[in-house]
Amino acid sequence: MSMKGGGFDRKSKASSEVPASSLADIAFLLLIFFMVTTVFQSDQNRPIEWPEAEAAMKIDEKQKNILNIWMERSGTVYMNDQPFGMTDVSAFVGPLYAASERALVISIRSDRQTPYRFVDQLQQELVAAGVLRVVFATQLEQSMQRERR
Amino acid sequence: MAVLNNKKQKVSDEVPTSSMADIAFLLLIFFLVTTTFPKDKGLAIVLPEQGETQEISQRNIIHLIIQPNGIVDVKRGESQQVQQVRAEQIEGLWRQAITDNPNLIAAVKTHPDAAYEYMVDVLDALHSANAERISLQVLEQ
Numbered sequence: 642m643s644m645k646g647g648g649f650d651r652k653s654k655a656s657s658e659v660p661a662s663s664l665a666d667i668a669f670l671l672l673i674f675f676m677v678t679t680v681f682q683s684d685q686n687r688p689i690e691w692p693e694a695e696a697a698m699k700i701d702e703k704q705k706n707i708l709n710i711w712m713e714r715s716g717t718v719y720m721n722d723q724p725f726g727m728t729d730v731s732a733f734v735g736p737l738y739a740a741s742e743r744a745l746v747i748s749i750r751s752d753r754q755t756p757y758r759f760v761d762q763l764q765q766e767l768v769a770a771g772v773l774r775v776v777f778a779t780q781l782e783q784s785m786q787r788e789r790r
Numbered sequence: 011m012a013v014l015n016n017k018k019q020k021v022s023d024e025v026p027t028s029s030m031a032d033i034a035f036l037l038l039i040f041f042l043v044t045t046t047f048p049k050d051k052g053l054a055i056v057l058p059e060q061g062e063t064q065e066i067s068q069r070n071i072i073h074l075i076i077q078p079n080g081i082v083d084v085k086r087g088e089s090q091q092v093q094q095v096r097a098e099q100i101e102g103l104w105r106q107a108i109t110d111n112p113n114l115i116a117a118v119k120t121h122p123d124a125a126y127e128y129m130v131d132v133l134d135a136l137h138s139a140n141a142e143r144i145s146l147q148v149l150e151q
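These protein sequence lines are chains V and E, in that order.
Residue numbering for the first sequence is 642 to 790, as defined by the working numbering.
Residue numbering for the second sequence is 11 to 151, as defined by the working numbering.
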């Protein structure tokens with residue numbers, strides 16, 4: 642360090658290379674960032690045929706504040722991978738809604754052939770639970786129909 | 011020069027850190043590509059609060075009655091005249107009606123046996139026409 646010329650010479654040689662070791666740190670940092678921030682859907686998809694809509698909009702809410710309610714053609718309701726009776730829905734959703742500080746959004750994922758009576762009953766249950774924001778989940782009309790298993 | 015040689019010797023002793031970046035980026039790209047996010051798209055509505063009822067003048071209501079076969083009966087206010095339309099025609103119909111009466115409310119009444127997709131079609135048409143005041147009901151017989 643006391644020899645100014647020699648020290649400078651050596652330093653400049655080293656800095657001319659790309660510091661490859663720090664690249665790994667950057668990559669791992671990115672990897673960990675994405676791993677931590679990615680929130681996966683907590684429940685399994687039910688085998689339903691989606692209704693289609695052109696005017697469908699993205700749900701403007703965090704993933705953790707969205708509760709999916711699946712309804713099959715027969716009117717069976719599933720929440721968090723568990724079947725529910727229609728009359729038990731409000732008792733289950735009510736506390737969840739209160740816990741989320743009224744930010745919860747219900748995404749109704751119903752089969753396109755479900756008779757409307759069941760959809761109406763579900764809406765009545767949600768009104769009883771105090772829920773305000775509901776989304777009828779659909780697929781975009783033009784998008785290719787995909788088989789879901 | 012002697013100093014430089016010494017340094018080179020040191021580098022070859024170490025674990026090759028440059029390939030670590032490649033491995034990490036490979037993992038990163040793998041996860042970026044394989045992660046599929048659920049498609050959260052839909053038609054948003056706001057449910058009324060419990061016990062909240064509003065009296066609305068019949069003049070301001072357009073009744074859209076969805077039959078089990080998907081045909082929509084349109085009834086305006088108090089008039090008994092029924093117009094039968096398909097769901098695709100509702101967008102134009104609503105745009106016409108809202109210019110005549112800006113306070114108009116769409117009352118969508120679905121037959122209990124009608125398929126959910128018919129209601130979604132009508133709701134889609136109303137959303138496409140920027141309708142904001144929509145009431146969803148089940149048709150009482």
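Even glycine gets a Cβ: it sits at the ideal position worked out from N, Cα and C.
- Interface with chain V (9 Å Cβ-Cβ cutoff): E/L42 is included.
- Taking the CA atoms as reference points, E/A117 sits about 59 Å from V/D666.
- The residue from E/I115, E/G80, E/Q147 with its alpha-carbon nearest to that of V/R758 is E/Q147.
- About 11 Å separates the Cβ atoms of V/M712 and V/I747, ruling out a contact at the 8 Å cut-off.
- For V/K705, DSSP records no beta bridge to any residue.
- Assignment of beta strand (DSSP E) within the stretch 87 to 138 of chain E, counting only whole runs of 3 or more residues, yields 92 to 95, 115 to 120 in chain order.
- Residue range 718 to 720 is occupied by the beta strand (DSSP E) that includes V/M720.
- For V/P736, the secondary structure class from DSSP, reduced to helix, strand or coil, is helix.
- For the 9 Å CB-CB criterion, E/A139 and E/R86 do not form a contact.
- E/S28 reaches chain V at A661, counting residues in chain order whose Cβ is nearer than 7 Å.
- Ranking E/A54, E/N111, E/P58, E/Q64 by CA distance to the CA of E/V130 puts E/A54 first.
- When C-alpha distances from V/R687 are compared across V/P724, V/E702, V/L671, the shortest belongs to V/P724.
- E/V82 is positioned such that its CB atom lies closer than 9 Å to that of E/Y128.
- CA-to-CA, the gap between V/I707 and E/K51 works out to about 12 Å.
- For V/M720 and V/A661, the gap between their C-alpha atoms comes out near 49 Å.
- With respect to chain V, the C-beta atom of E/S138 has a partner C-beta closer than 9 Å.
- Listed along chain E are G52, L53, A54, each with a C-beta nearer than 7 Å to that of V/V776.
- Non-local C-beta neighbours of V/D752 in its own chain, meaning closer than 7 Å and more than five positions away in sequence, comprise I689, E690, M712, E713, R714, ordered along the chain.
- In the three-state reduction of the DSSP assignment, V/V760 falls in the helix class, which pools H, G and I.
- Between the stretch 670 to 678 of chain V and the stretch 34 to 44 of chain E there are three or more C-beta pairs closer than 8 Å, enough to call the two in contact.
- Going by C-alpha positions, V/P756 is about 11 Å away from E/Q77.
- Neighbours of E/L37 in chain V, taken as residues at a C-beta separation under 7 Å, are given in chain order as L672.
- Around V/K699, the beta-carbon contacts reaching into chain E at under 7 Å are D50, K51.
- The three-state reading of DSSP puts E/R69 in helix, counting H, G and I together.
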